[in-house]
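S.K.: What follows is a single structure, and I will ask about it in a moment.
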Amino acid sequence: MSRSVILGRIRRALDGAEVPELPASLPKFPEYSDPVEAFKRELEHVGGIFLDAREKNRLMPALTAVLQRTKAMEICWEDLDIFQKYQIPIKSHNLKPFSESALVYSCHDRQKIEFPITLHARKYQRHNLEKIEISASSSLFGIAETGTIVHRVRGGRGRVLAVLPPAHLVFLSRKDLLMNHSELFHSLRPGREGSAMTLVTGPSRTADIERTLVLGAHGPKQFFVILMP
(Lines of atoms letter the chains of each structure in order from A and count residues from 1; the text may use other names and numbers.)
(Lines give C-alpha, C1' and ligand atoms only; values in the text may rest on other atoms or scores of the structure.)
Protein backbone atom coordinates (compact mmCIF):
# COMPACT_ATOMS: atom_id res chain seq x y z
CA MET A 1 0.00 0.00 0.00
CA SER A 2 1.44 3.36 -1.02
CA ARG A 3 2.17 6.18 1.38
CA SER A 4 -0.37 8.47 -0.29
CA VAL A 5 -3.17 5.91 0.14
CA ILE A 6 -2.37 5.46 3.84
CA LEU A 7 -2.26 9.23 4.44
CA GLY A 8 -5.53 9.64 2.51
CA ARG A 9 -7.27 7.14 4.78
CA ILE A 10 -5.96 8.94 7.86
CA ARG A 11 -7.22 12.32 6.56
CA ARG A 12 -10.68 10.91 5.85
CA ALA A 13 -10.84 9.29 9.27
CA LEU A 14 -9.90 12.55 10.97
CA ASP A 15 -12.15 14.75 8.86
CA GLY A 16 -14.56 16.49 11.20
CA ALA A 17 -13.09 14.91 14.30
CA GLU A 18 -12.85 17.04 17.42
CA VAL A 19 -9.26 17.92 18.24
CA PRO A 20 -8.57 18.39 21.95
CA GLU A 21 -6.77 21.54 22.98
CA LEU A 22 -3.13 21.30 23.91
CA PRO A 23 -2.44 21.58 27.66
CA ALA A 24 -1.62 25.11 28.79
CA SER A 25 1.07 23.95 31.21
CA LEU A 26 3.27 20.97 31.90
CA PRO A 27 2.43 18.54 34.70
CA LYS A 28 4.28 18.91 37.97
CA PHE A 29 7.55 16.97 37.92
CA PRO A 30 8.82 15.27 41.10
CA GLU A 31 11.46 16.82 43.31
CA TYR A 32 13.44 15.08 46.03
CA SER A 33 15.01 16.04 49.34
CA ASP A 34 17.74 13.49 48.51
CA PRO A 35 18.13 13.15 44.70
CA VAL A 36 21.08 10.75 45.11
CA GLU A 37 18.93 8.27 47.03
CA ALA A 38 16.12 8.68 44.48
CA PHE A 39 18.51 8.05 41.58
CA LYS A 40 19.97 4.99 43.31
CA ARG A 41 16.52 3.56 44.02
CA GLU A 42 15.26 4.01 40.47
CA LEU A 43 18.48 2.69 38.89
CA GLU A 44 18.50 -0.44 41.04
CA HIS A 45 14.79 -0.95 40.40
CA VAL A 46 15.54 -1.57 36.70
CA GLY A 47 18.59 -3.76 37.36
CA GLY A 48 21.39 -1.18 37.34
CA ILE A 49 24.20 -1.16 39.93
CA PHE A 50 24.94 2.04 41.86
CA LEU A 51 28.30 2.75 43.52
CA ASP A 52 28.95 5.91 45.55
CA ALA A 53 32.51 7.21 45.20
CA ARG A 54 32.06 10.82 46.25
CA GLU A 55 34.63 10.32 48.99
CA LYS A 56 38.15 10.20 47.57
CA ASN A 57 39.04 6.81 49.02
CA ARG A 58 35.91 5.13 47.61
CA LEU A 59 36.78 5.17 43.90
CA MET A 60 39.41 2.43 43.93
CA PRO A 61 37.20 -0.16 45.72
CA ALA A 62 34.24 0.84 43.53
CA LEU A 63 36.19 0.15 40.34
CA THR A 64 37.51 -3.10 41.81
CA ALA A 65 33.93 -4.15 42.62
CA VAL A 66 32.93 -3.53 38.98
CA LEU A 67 35.78 -5.73 37.72
CA GLN A 68 34.92 -8.52 40.14
CA ARG A 69 31.21 -8.46 39.31
CA THR A 70 31.93 -8.63 35.57
CA LYS A 71 34.96 -10.97 35.92
CA ALA A 72 36.71 -8.63 33.49
CA MET A 73 40.48 -8.31 33.07
CA GLU A 74 40.39 -5.08 31.05
CA ILE A 75 38.47 -1.81 30.91
CA CYS A 76 38.07 0.00 27.61
CA TRP A 77 37.87 3.76 28.23
CA GLU A 78 35.85 6.04 25.98
CA ASP A 79 38.51 8.75 25.91
CA LEU A 80 41.18 10.49 27.95
CA ASP A 81 38.78 13.24 29.04
CA ILE A 82 37.27 10.87 31.61
CA PHE A 83 40.45 10.89 33.69
CA GLN A 84 40.72 14.67 33.71
CA LYS A 85 37.03 15.31 34.40
CA TYR A 86 36.87 12.90 37.34
CA GLN A 87 40.49 13.31 38.48
CA ILE A 88 41.37 9.64 38.07
CA PRO A 89 45.17 9.20 38.33
CA ILE A 90 46.76 7.61 35.26
CA LYS A 91 50.19 6.97 33.80
CA SER A 92 51.47 6.15 30.35
CA HIS A 93 54.83 6.18 28.70
CA ASN A 94 53.46 7.86 25.60
CA LEU A 95 50.07 9.52 25.15
CA LYS A 96 50.54 10.31 21.44
CA PRO A 97 49.02 7.03 20.17
CA PHE A 98 45.80 7.77 22.07
CA SER A 99 43.96 9.41 19.22
CA GLU A 100 40.33 9.26 18.10
CA SER A 101 41.23 6.16 16.06
CA ALA A 102 42.57 4.21 19.06
CA LEU A 103 40.95 2.11 21.74
CA VAL A 104 42.29 3.15 25.13
CA TYR A 105 42.31 0.35 27.69
CA SER A 106 43.79 -0.73 31.01
CA CYS A 107 44.74 -4.26 32.13
CA HIS A 108 43.81 -5.74 35.52
CA ASP A 109 44.91 -9.38 35.71
CA ARG A 110 43.88 -9.75 39.36
CA GLN A 111 40.57 -7.96 38.84
CA LYS A 112 41.81 -5.20 41.09
CA ILE A 113 42.31 -1.49 40.48
CA GLU A 114 45.44 0.28 41.61
CA PHE A 115 46.24 3.95 41.11
CA PRO A 116 47.67 5.35 38.96
CA ILE A 117 45.97 3.35 36.21
CA THR A 118 48.33 2.37 33.39
CA LEU A 119 46.85 2.99 29.95
CA HIS A 120 47.50 1.17 26.69
CA ALA A 121 46.17 1.61 23.18
CA ARG A 122 45.24 -0.68 20.30
CA LYS A 123 43.81 -0.02 16.88
CA TYR A 124 40.14 0.76 16.55
CA GLN A 125 39.23 -2.34 14.53
CA ARG A 126 36.30 -4.75 14.49
CA HIS A 127 38.13 -7.73 15.97
CA ASN A 128 39.41 -5.53 18.83
CA LEU A 129 35.91 -4.19 19.51
CA GLU A 130 34.58 -7.73 19.80
CA LYS A 131 37.01 -8.48 22.64
CA ILE A 132 35.89 -5.63 24.91
CA GLU A 133 34.59 -7.00 28.24
CA ILE A 134 33.53 -3.72 29.80
CA SER A 135 33.60 -0.13 28.56
CA ALA A 136 33.63 3.07 30.62
CA SER A 137 32.29 6.48 29.69
CA SER A 138 31.34 9.80 31.22
CA SER A 139 27.80 11.17 31.32
CA LEU A 140 26.30 14.51 30.44
CA PHE A 141 23.58 14.29 33.10
CA GLY A 142 21.81 11.86 35.40
CA ILE A 143 18.07 12.09 36.14
CA ALA A 144 16.92 11.14 39.64
CA GLU A 145 13.27 10.78 38.58
CA THR A 146 13.95 7.61 36.57
CA GLY A 147 17.57 6.63 37.33
CA THR A 148 18.47 7.64 33.78
CA ILE A 149 21.90 8.48 32.35
CA VAL A 150 22.20 11.02 29.53
CA HIS A 151 25.03 10.42 27.05
CA ARG A 152 26.35 12.80 24.43
CA VAL A 153 27.04 10.93 21.19
CA ARG A 154 30.66 11.47 20.18
CA GLY A 155 31.52 12.26 16.58
CA GLY A 156 33.22 9.45 14.66
CA ARG A 157 32.29 6.67 17.10
CA GLY A 158 28.60 7.01 17.72
CA ARG A 159 27.30 4.81 20.53
CA VAL A 160 29.34 1.67 19.85
CA LEU A 161 31.42 1.65 23.06
CA ALA A 162 28.31 2.20 25.18
CA VAL A 163 26.18 -0.55 23.63
CA LEU A 164 28.49 -3.24 22.20
CA PRO A 165 30.28 -4.70 25.30
CA PRO A 166 28.36 -7.00 27.69
CA ALA A 167 28.96 -4.53 30.55
CA HIS A 168 29.11 -0.75 30.66
CA LEU A 169 30.32 1.62 33.39
CA VAL A 170 29.25 5.25 33.58
CA PHE A 171 30.79 8.01 35.69
CA LEU A 172 28.33 10.64 36.93
CA SER A 173 29.23 13.82 38.82
CA ARG A 174 26.94 14.81 41.68
CA LYS A 175 26.70 18.30 40.20
CA ASP A 176 25.29 16.79 36.98
CA LEU A 177 22.49 14.93 38.77
CA LEU A 178 19.14 16.55 37.91
CA MET A 179 15.83 16.13 39.73
CA ASN A 180 13.64 15.30 36.74
CA HIS A 181 13.24 15.38 32.98
CA SER A 182 11.94 18.94 33.06
CA GLU A 183 15.31 20.09 34.45
CA LEU A 184 17.05 18.14 31.69
CA PHE A 185 15.26 19.91 28.85
CA HIS A 186 15.70 23.30 30.52
CA SER A 187 19.44 22.57 30.82
CA LEU A 188 19.98 21.78 27.13
CA ARG A 189 21.66 24.26 24.83
CA PRO A 190 20.34 23.67 21.28
CA GLY A 191 23.15 23.27 18.77
CA ARG A 192 25.84 22.90 21.44
CA GLU A 193 25.21 19.37 22.73
CA GLY A 194 26.57 17.44 19.75
CA SER A 195 24.71 15.64 16.98
CA ALA A 196 22.56 13.51 19.29
CA MET A 197 22.00 12.36 22.85
CA THR A 198 20.88 9.04 24.26
CA LEU A 199 18.96 8.44 27.47
CA VAL A 200 19.79 5.08 29.08
CA THR A 201 17.92 3.61 32.02
CA GLY A 202 19.59 0.46 33.34
CA PRO A 203 20.81 -2.58 31.39
CA SER A 204 19.36 -3.47 28.00
CA ARG A 205 16.17 -5.52 28.21
CA THR A 206 13.26 -6.73 26.12
CA ALA A 207 10.14 -8.83 26.67
CA ASP A 208 9.05 -9.06 23.03
CA ILE A 209 9.16 -12.87 22.93
CA GLU A 210 6.33 -14.43 24.94
CA ARG A 211 6.64 -11.60 27.48
CA THR A 212 9.77 -13.18 28.91
CA LEU A 213 12.25 -10.58 30.16
CA VAL A 214 15.66 -10.94 28.52
CA LEU A 215 18.65 -8.84 29.57
CA GLY A 216 21.34 -7.75 27.13
CA ALA A 217 19.21 -8.05 24.01
CA HIS A 218 20.22 -4.75 22.43
CA GLY A 219 23.07 -3.58 24.65
CA PRO A 220 24.95 -4.27 27.90
CA LYS A 221 23.61 -6.93 30.23
CA GLN A 222 25.27 -5.21 33.21
CA PHE A 223 25.06 -1.46 33.78
CA PHE A 224 27.07 0.32 36.49
CA VAL A 225 26.98 3.95 37.60
CA ILE A 226 29.73 5.38 39.83
CA LEU A 227 28.73 8.65 41.46
CA MET A 228 31.61 11.13 41.68
CA PRO A 229 31.90 14.46 43.55
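In terms of my numbering, the numbers along the sequence shown are unbroken and rise by one, the last being 230. C-beta: ideal position from N, C-alpha, C; glycine also.
Just to check my reading of the structure: residue 47 and residue 225 have Cβ atoms closer than 8 Å, yes? What is that Cβ distance to the nearest angstrom?
M.R.: Between residue 225 and residue 47 the Cβ distance is about 13 Å, and since that is not below 8 Å, they are no contact.
S.K.: Taking Cβ to Cβ, would you say residue 173 is nearer than 9 Å to residue 227?
M.R.: Yes.
S.K.: Decide if residue 73 is buried, meaning its Cβ has at least 16 other Cβ atoms within 10 Å, or exposed.
M.R.: Residue 73 is buried by the Cβ-count criterion.
S.K.: Which one or two residues does DSSP pair with residue 76 in a beta bridge?
M.R.: In the DSSP output, where bridge partners are listed per residue, residue 76 has 107.
S.K.: Since residue 136 sits in a beta bridge, which residues does DSSP pair it with?
M.R.: Answer is 77, 169.
S.K.: Residue 69 and residue 135 - do their beta-carbons sit closer together than 9 Å?
M.R.: No, these two residues do not count as a Cβ contact at 9 Å.
S.K.: Excluding the five sequence neighbours on either side, which residues of its own chain have a C-beta within less than 8 Å of the C-beta of residue 183, listed in chain order?
M.R.: Cβ within range, chain order: 27, 30.
S.K.: Tell me the residue span of the alpha helix (DSSP H) that contains residue 151.
M.R.: It is not in any alpha helix (DSSP H) - residue 151 instead sits in the beta strand (DSSP E) that spans 149-153.
S.K.: For residue 20, does the count of other Cβ atoms within 10 angstroms reach 16, so buried, or fall short, so exposed?
M.R.: Classification for residue 20: exposed.
S.K.: Relative to the C-alpha of residue 80, which residue among 138, 205, 11 is closest?
M.R.: If we check each option's Cα against that of residue 80, 138 comes out closest.
S.K.: Just reading off the beta strand (DSSP E) that residue 223 is part of, what are its end residues?
M.R.: Residue 223 -> beta strand (DSSP E) spans 223-229.
S.K.: Using the three-state DSSP reduction, which class does residue 237 fall into: helix, strand or coil?
M.R.: Lying before the first or after the last residue shown, residue 237 is absent from the chain, which here runs from 2 to 230.
S.K.: Identify the continuous alpha helix (DSSP H) that holds residue 7 and give its terminal residues.
M.R.: Element bounds for residue 7: 4-15.
S.K.: Name the DSSP bridge partner or partners of residue 141?
M.R.: Partner(s): none; residue 141 has no beta bridge.
S.K.: Please name the residue, chosen from 71, 147, 133, that lies closest to residue 38 on a Cα-to-Cα basis.
M.R.: Of the listed residues, the one whose Cα sits closest to residue 38 is 147.
S.K.: Starting from residue 124, follow the beta strand (DSSP E) in both directions and report where the run begins and ends.
M.R.: Where residue 124 is concerned, the enclosing beta strand (DSSP E) stretches over 121-124.
S.K.: Which two residues bound the contiguous alpha helix (DSSP H) that contains residue 161?
M.R.: Residues 161-164.
S.K.: Have a look at the DSSP bridge pairing and note the partners of residue 200.
M.R.: Note: residue 200 sits in a beta bridge opposite 151.
S.K.: Quick check: what's the CA-CA separation for residue 153 versus residue 167?
M.R.: Rounded to the nearest angstrom, the two C-alpha atoms are 20 Å apart.
S.K.: Please confirm whether residue 133 and residue 140 have their CB atoms less than 9 Å apart.
M.R.: Cβ distance not < 9 Å, so residue 133 and residue 140 don't count as in contact.
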